[in-house]
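Peer 1: I am attaching a structure below and will ask some questions about it afterwards.
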Amino acid sequence: MPTLQDCVQLNCGVQMPLLGLGTYHLHGDELRCSVDAALAAGYRAFDTAAVYGNEPDLGRALRELLPRHGLTRADVFVISKLDPADHGARALDGCLRSVERLGCGAVDLFLLHWPGTAGLDPADPRNAADRTLSWTALEDLHRGGTFRAIGVSNYTPPHLRQLLSACRVPPAVLQTECHPALCQTELRRACGEAGVALQAYSSLGKGTLLRERQVGALARECGRTPAQVLLRWAVQQGVAVLPRSREPRRVRENARVFDFELSAQDMTRLGALDCGRRFCKRDPSCVV
Ligand SMILES: NC(=O)c1ccc[n+]([C@@H]2O[C@H](COP(=O)([O-])OP(=O)(O)OC[C@H]3O[C@@H](n4cnc5c(N)ncnc54)[C@H](OP(=O)(O)O)[C@@H]3O)[C@@H](O)[C@H]2O)c1
Numbered sequence: 004m005p006t007l008q009d010c011v012q013l014n015c016g017v018q019m020p021l022l023g024l025g026t027y028h029l030h031g032d033e034l035r036c037s038v039d040a041a042l043a044a045g046y047r048a049f050d051t052a053a054v055y056g057n058e059p060d061l062g063r064a065l066r067e068l069l070p071r072h073g074l075t076r077a078d079v080f081v082i083s084k085l086d087p088a089d090h091g092a093r094a095l096d097g098c099l100r101s102v103e104r105l106g107c108g109a110v111d112l113f114l115l116h117w118p119g120t121a122g123l124d125p126a127d128p129r130n131a132a133d134r135t136l137s138w139t140a141l142e143d144l145h146r147g148g149t150f151r152a153i154g155v156s157n158y159t160p161p162h163l164r165q166l167l168s169a170c171r172v173p174p175a176v177l178q179t180e181c182h183p184a185l186c187q188t189e190l191r192r193a194c195g196e197a198g199v200a201l202q203a204y205s206s207l208g209k210g211t212l213l214r215e216r217q218v219g220a221l222a223r224e225c226g227r228t229p230a231q232v233l234l235r236w237a238v239q240q241g242v243a244v245l246p247r248s249r250e251p252r253r254v255r256e257n258a259r260v261f262d263f264e265l266s267a268q269d270m271t272r273l274g275a276l277d278c279g280r281r282f283c284k285r286d287p288s289c290v291v
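Numbering (the numbering used here), first residue to last: 4 to 291.
In structure tokens, the structure reads:
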């Protein structure tokens with residue numbers, strides 16, 4: 004049975020916590036309050052991105068709150084991502100700007116946020132050339148110790164195959180939308196075969212999956228909340244999660260997913276919801 008302290012062993016030797024706090028749309032005091040509740044509840048990973056515009060807020064919150072929780076920078080795992088507008092020749096500068104904005108030393112995991120370049124048509128072949136160039140910037144910063152682990156986000160199986168055939172350092176993590184309505188079976192198989200850890204985002208379907216009838220019914224049967232059932236579905240399969248909430252009470256609730264188990268039948272019932280539904284509007288499979 005996985006525990007709150009459990010980590011995923013990455014292919015570069017680094018350990019990544021199974022549970023992390025998502026921070027999309029959280030800024031200033033609201034972000035600080037969620038981070039405070041998360042640290043108290045045992046979260047040890049925090050996910051941000053250049054495009055969220057809150058890297059300075061997260062860095063500041065961690066610098067202020069870690070000592071109050073008796074923790075140091077080494078106790079937490081910070082994740083950020085390259086702005087898709089910085090793909091290609093601008094990638095190195097984009098990465099270094101993130102490091103500076105966070106202000107917390109080496110970043111534990113840095114991801115290419117999206118397989119396409121902002122402003123390019125998804126069918127434009129320059130997308131592939133740009134992301135290859137961006138990956139070399141991540142490899143260089145990984146070799147120099149600025150990024151402890153590197154990975155990608157929103158890559159589909161073809162994007163992953165292309166990267167694996169060209170890289171010097173394979174991605175350690177692939178962060179993607181994944182929940183019972185979008186099980187990502189093919190992508191998970193491809194990641195498993197390549198030794199890439201899958202990290203799920205929008206595990207709660209941005210809140211919408213919490214109102215799914217089947218999820219509610221299962222939650223009542225288990226004596227748990229719909230959010231806990233959805234997060235448990237992932238962590239029980241070794242898939243890392245990043246639930247986000249601005250409510251400290253919900254931040255705590257989302258961490259209590261390590262003290263119960265879903266039966267094989269429950270897992271099958273949830274898996275039956277798989278219908279390719281995305282709650283993030285953009286579908287990366289159209290990016291060449
Ligand atoms: N790599 C990427 O492209 C990408 C894309 C999307 C997300 N992400 C990352 O993944 C994180 C999570 O995904 P997400 O932000 O899309 O959404 P999510 O975690 O699936 O859902 C967040 C929504 O659920 C609500 N919520 C959270 N816990 C709840 C609970 N226990 N009960 C009821 N409602 C609850 C929140 O509302 P309240 O705040 O009001 O509680 C919020 O509206 C992001 O914050 C980000 O860090 C990455």
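All residues carry an ideal CB built from backbone N, CA and C; glycine is no exception.
Alpha carbon to alpha carbon, how far is V102 from A109?
Peer 2: Taking the first residue of the sequence shown as 1, we reach residue 102 at position 99. Taking the first residue of the sequence shown as 1, we reach residue 109 at position 106. Taking the straight line joining both Cα atoms gives about 7 Å.
Peer 1: Look up M4 in the DSSP assignment and say whether it is helix, strand or coil.
Peer 2: Within the sequence shown, numbered from 1, the residue matching residue 4 stands at position 1. Here M4 sits in coil by DSSP.
Peer 1: If you run the structure through DSSP and keep just helix, strand and coil, what is L185?
Peer 2: The residue labelled residue 185 in the question sits at position 182 within the sequence shown. Here L185 sits in strand by DSSP.
Peer 1: I need the boundaries of the beta strand (DSSP E) containing T179, first residue and last residue.
Peer 2: To locate residue 179, count along the sequence shown from 1; it is residue 176. It spans 176-180 - the beta strand (DSSP E) in which T179 sits, taken as one unbroken run.
Peer 1: Taking 8 Å as the cut-off, decide whether the C-beta atoms of D50 and G31 are in contact.
Peer 2: Here residue 50 is taken as the residue at index 47 of the sequence shown, counted from 1. Here residue 31 is taken as the residue at index 28 of the sequence shown, counted from 1. No, Cβ-Cβ distance for D50 and G31 is not below 8 Å.
Peer 1: Thinking just about the alpha-carbon of each residue, which of L85, G16, D286, G25 is nearest to the one in E250?
Peer 2: For the purposes of this step, residue 250 is taken as the residue at position 247 of the sequence shown. Taking only the C-alpha atoms, the option nearest E250 is G25.
Peer 1: Could I get the ranges of all uninterrupted beta strand (DSSP E) runs contained in the segment 76-146, with 3 residues as the minimum, in chain order?
Peer 2: Complete beta strand (DSSP E) runs here, min 3: 80-85, 110-115.
Peer 1: For the alpha helix (DSSP H) holding P160, just list the boundary residues, first then last.
Peer 2: Walking along the sequence shown from the start, residue 160 turns up at place 157. Taken as a continuous stretch (DSSP letters only), the alpha helix (DSSP H) holding P160 covers 160-169.
Peer 1: Is Q231 buried or exposed, if buried means 16 or more other CB atoms sit within 10 Å of its CB?
Peer 2: Along the sequence shown, one-based indexing puts residue 231 at 228. It counts as buried.
Peer 1: Would you say D60 touches ligand 1, meaning its beta carbon is less than 7 Å from a heavy atom?
Peer 2: One-based indexing of the sequence shown puts residue 60 at position 57. Every heavy atom of ligand 1 is 7 Å or more from the Cβ of D60, so no.
Peer 1: Let me know the secondary structure DSSP gives D50 once reduced to three states.
Peer 2: Counting from one through the sequence shown, the residue named residue 50 turns up at place 47. D50: strand per DSSP, three-state reduction.
Peer 1: The alpha helix (DSSP H) spanning C36 covers which residue range?
Peer 2: Working through the sequence shown from its first residue, we reach residue 36 at position 33. Where C36 is concerned, the enclosing alpha helix (DSSP H) stretches over 31-44.
Peer 1: Excluding the 5 residues flanking R134 on each side, which residues of the same chain have their C-beta closer than 7 Å to its C-beta?
Peer 2: Position 131 of the sequence shown holds residue 134. Answer for R134: H90, L115, P118, listed in chain order.
Peer 1: Please name the residue or residues paired with L24 in a DSSP beta bridge.
Peer 2: Position 21 of the sequence shown, counted from the first residue, corresponds to residue 24. L24 pairs with F49.
Peer 1: For A237, I'd like the list of residues in its chain whose CB is within less than 8 Å of its CB, leaving aside the five on either flank, ordered along the chain.
Peer 2: On the sequence shown, position 234 is the one that residue 237 refers to. Same-chain partners within the cutoff: C181, H182, A203, S206, A243, V244.
Peer 1: Would the beta-carbon of L29 fall within 8 Å of that of P5?
Peer 2: Your numbering for residue 29 matches position 26 in the sequence shown. Your numbering for residue 5 matches position 2 in the sequence shown. No; because the gap between Cβ atoms is not below 8 Å, this pair is not in contact.
Peer 1: With a CB to CB cut of under 7 Å and the five nearest residues on each side skipped, what residues in its chain are close to A52?
Peer 2: Position 49 of the sequence shown, counting from 1, holds the residue named residue 52. Counting only Cβ-Cβ distances below 7 Å, and skipping sequence neighbours, we find S83, K84, H116.
Peer 1: To the nearest angstrom, how far is the alpha carbon of G73 from that of R129?
Peer 2: Counted from its first residue, the sequence shown places residue 73 at position 70. Counted from its first residue, the sequence shown places residue 129 at position 126. Distance between the alpha carbons of G73 and R129: 48 Å.
Peer 1: Count the other CB atoms, across all protein chains shown, that sit within 10 Å of the CB of Q8; report buried if there are 16 or more and exposed otherwise.
Peer 2: Here residue 8 corresponds to residue number 5 of the sequence shown, with the count starting at 1. Per the 10 Å Cβ criterion, exposed.
Peer 1: Ligand 1 heavy atoms versus the CB of Q178: any closer than 7 Å?
Peer 2: Taking the first residue of the sequence shown as position 1, residue 178 is located at position 175. Indeed, a heavy atom of ligand 1 lies less than 7 Å from the Cβ.
Peer 1: Buried or exposed: L99, going by 16 or more other Cβ atoms within 10 Å of its Cβ?
Peer 2: Counting from one through the sequence shown, the residue named residue 99 turns up at place 96. Result: exposed.
Peer 1: Can you grab the Cα-Cα spacing for the pair R93 / D143, in whole Å?
Peer 2: The count along the sequence shown starts at 1 and reaches residue 93 at position 90. The count along the sequence shown starts at 1 and reaches residue 143 at position 140. Roughly 14 Å separates the two Cα atoms.
Peer 1: Is K284 close to ligand 1? I mean its beta-carbon at under 7 Å from any heavy atom of the ligand.
Peer 2: As a working mapping, residue 284 is identified with position 281 in the sequence shown. Checking every heavy atom of ligand 1 against the Cβ of K284, none is found closer than 7 Å.
Peer 1: Check whether the Cβ atoms of Y27 and R247 lie closer than 8 Å to each other.
Peer 2: Position 24 of the sequence shown, counted from the first residue, corresponds to residue 27. Position 244 of the sequence shown, counted from the first residue, corresponds to residue 247. Yes. Within cutoff.
Peer 1: Which of the three DSSP states is assigned to S205 in this structure?
Peer 2: Counting from 1 along the sequence shown, the entry for residue 205 is found at position 202. S205 falls in the coil class under three-state DSSP.
Peer 1: May I ask you to list the residues that DSSP assigns as paired with C10?
Peer 2: Within the sequence shown, residue 10 is the residue found at index 7, counting from 1. DSSP lists P20 as partners of C10.
Peer 1: Measure the alpha-carbon distance for R216 versus C186 and round it to whole angstroms.
Peer 2: For this step, residue 216 is matched to residue 213 along the sequence shown. For this step, residue 186 is matched to residue 183 along the sequence shown. So the two alpha carbons sit approximately 18 Å from each other.
Peer 1: Rounded to a whole number of angstroms, what is the C-alpha to C-alpha distance between A43 and L273?
Peer 2: The sequence position of residue 43 within the sequence shown is 40, counting from 1. The sequence position of residue 273 within the sequence shown is 270, counting from 1. Between A43 and L273, the C-alpha separation is close to 30 Å.
Peer 1: According to DSSP, which residues form a beta bridge with S156?
Peer 2: Your numbering for residue 156 matches position 153 in the sequence shown. For S156, which the question treats as bridged, DSSP gives the partners Q178.
Peer 1: For E67, count neighbouring Cβ atoms within 10 angstroms of its own Cβ and tell me buried if that reaches 16, exposed if not.
Peer 2: Mapped onto the sequence shown, residue 67 falls at position 64. Per the 10 Å Cβ criterion, exposed.
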